[in-house]
Amino acid sequence: ALTACGSGGGNAADDGKITMGFAQVGAESGWRTANTKSVQESAKSAGIELKFSDAQQKQENQIKAIRSYIQQKVDVIAFSPVVETGWDTVLLEAKRAKIPVILTDRAIDSDDTSLYETFLGSDFIDEGKKAAQWLVENSSGPTNVVELQGTTGAAPAIDRKEGFEDVIRSKPDIRIVASQTGDFTRSGGKQVMEAFLKSQPDIDVVYAHNDDMGLGAIEAIKAAGKKPGVDIKIITVDAVKDGMTALAGGEINFIVECNPLLGPQLMDLAKKVVDGEEVPERVVTEETTFTQDQAKTALPDRKY
Ligand code: GYE
Numbered sequence: 005a006l007t008a009c010g011s012g013g014g015n016a017a018d019d020g021k022i023t024m025g026f027a028q029v030g031a032e033s034g035w036r037t038a039n040t041k042s043v044q045e046s047a048k049s050a051g052i053e054l055k056f057s058d059a060q061q062k063q064e065n066q067i068k069a070i071r072s073y074i075q076q077k078v079d080v081i082a083f084s085p086v087v088e089t090g091w092d093t094v095l096l097e098a099k100r101a102k103i104p105v106i107l108t109d110r111a112i113d114s115d116d117t118s119l120y121e122t123f124l125g126s127d128f129i130d131e132g133k134k135a136a137q138w139l140v141e142n143s144s145g146p147t148n149v150v151e152l153q154g155t156t157g158a159a160p161a162i163d164r165k166e167g168f169e170d171v172i173r174s175k176p177d178i179r180i181v182a183s184q185t186g187d188f189t190r191s192g193g194k195q196v197m198e199a200f201l202k203s204q205p206d207i208d209v210v211y212a213h214n215d216d217m218g219l220g221a222i223e224a225i226k227a228a229g230k231k232p233g234v235d236i237k238i239i240t241v242d243a244v245k246d247g248m249t250a251l252a253g254g255e256i257n258f259i260v261e262c263n264p265l266l267g268p269q270l271m272d273l274a275k276k277v278v279d280g281e282e283v284p285e286r287v288v289t290e291e292t293t294f295t296q297d298q299a300k301t302a303l304p305d306r307k308y
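5 is the number of the first residue of the sequence shown in this note's numbering; add one for each residue after it.
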């Protein structure tokens with residue numbers, strides 16, 4: 005936003021054009037790819053200049069990116085924090101430089117809510133609950149669940165676990181017999197599932213915190229000579245195209261949707277924040293769930 009002779013802190017008033025620095029988590033999943041595309045496309049159509057960085061799932065890289073956005077005096081910083089904790093110092097630097105911060109997709113864990121303007125994203129606890137609700141309604145007798153967790157310390161990993169556990173508590177027959185991180189990647193899901201198949205004699209259900217890890221688990225299950233979706237039931241979160249295809253094809257049993265198309269709402273919020281307008285401190289994304297039949301119906305129109 006700063007013109008050559010500009011001198012003040014990042015302010016859209018300089019040339020009328022908003023510059024946003026966006027520090028993305030990485031490119032770990034189909035969800036993330038769709039999210040990045042949404043942010044880039046909506047910035048373009050909103051006339052917002054986007055500086056984009058990919059942190060390769062490392063907090064230190066995100067902190068570096070945010071510091072460089074502060075130095076470049078962008079008008080607004082948006083980021084999807086790879087983990088929940090450890091942001092206070094760098095966000096205080098942004099605050100002192102009078103650059104507003106918008107959290108998108110993932111939340112931070114900090115007592116100081118003055119460090120950001122708003123948080124736009126899903127209710128991950130609710131997603132975990134929906135996943136467990138389906139299992140409670142669709143299982144009978146002793147049920148052994150293995151859990152593929154997302155990135156350790158990330159909001160969606162913490163909350164999807166918590167929501168799921170909250171609901172299965174009502175049915176003591178359902179037990180999580182093993183739980184480990186697959187880092188939200190397909191290869192991570194595959195590796196962890198291979199290990200689970202060796203160490204756990206009796207697995208009924210896989211609960212994967214995202215589609216990609218579930219898809220990795222499918223490969224491991226097939227390699228072990230078992231039928232995914234039948235011998236071992238699979239529940240995932242996201243509902244990206246590859247996940248929905250596996251669901252429609254009977255290899256996944258249930259998917260809780262998590263909407264990655266946050267770009268348009270993010271750009272709206274950014275404009276308001278830069279203009280000094282009030283924004284709600286929390287904007288929750290609306291989402292649904294899919295059974296195998298519902299996936300067959302929804303698949304042809306699925307954009308990502
Ligand atoms: O579910 C997963 C991605 O933060 C909601 O991150 C996002 C999660 C999403 O890697 O696929």
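We treat Cβ as the ideally placed atom computed from N, Cα and C, and that holds for glycine.
Asked                                                                                                  : Found
Aspartate 216 beta carbon near the ligand GYE (any heavy atom closer than 7 Å)                         : yes
Burial state of aspartate 170 (16 or more Cβ within 10 Å)                                              : exposed
Whole beta strand (DSSP E) elements within the region 104-136, 3-residue minimum                       : 105-108, 122-125
Phenylalanine 200 to alanine 182 span [Cα, whole Å]                                                    : 7 Å
Where serine 11 falls: helix, strand or coil (DSSP)                                                    : Bear in mind that a pLDDT of 39 at serine 11, under 50, signals an unreliable position, so the model cannot answer this.
N- and C-terminal bounds of the beta strand (DSSP E) containing serine 174                             : From DSSP, serine 174 is part of no beta strand (DSSP E); its letter is neither H nor E.
Sub-8 Å separation of valine 86 and alanine 158 beta-carbons                                           : yes
Distance between aspartate 19 and glutamine 153 (C-alpha atoms, nearest Å)                             : 45 Å
Contact the region 50-61 vs the region 19-32: 3+ CB pairs below 8 Å                                    : yes
beta-carbon tryptophan 91 near the ligand GYE non-hydrogen atom, thresh 7 Å                            : no
Distance cut-off 7 Å: proline 85 Cβ against heavy atoms of the ligand GYE                              : no
Exposure label - glutamine 75; buried when at least 16 CB within 10 Å                                  : exposed
Nearest-angstrom Cα separation, counted from glutamate 53 out to isoleucine 22                         : 6 Å
Per-residue burial, arginine 286 [other beta carbons within 10 Å of its own, 16 or more giving buried] : exposed
Under 8 Å between C-beta atoms of tryptophan 138 and serine 114                                        : no
Host alpha helix (DSSP H) of glutamate 64 (start-end)                                                  : 63-75
Alanine 5 versus leucine 124: straight-line alpha-carbon distance, rounded                             : Because the pLDDT at alanine 5 is just 45, under 50, the model does not fix this residue reliably, and the value given afterwards should be weighed accordingly. C-alpha separation (whole angstroms): 24 Å.
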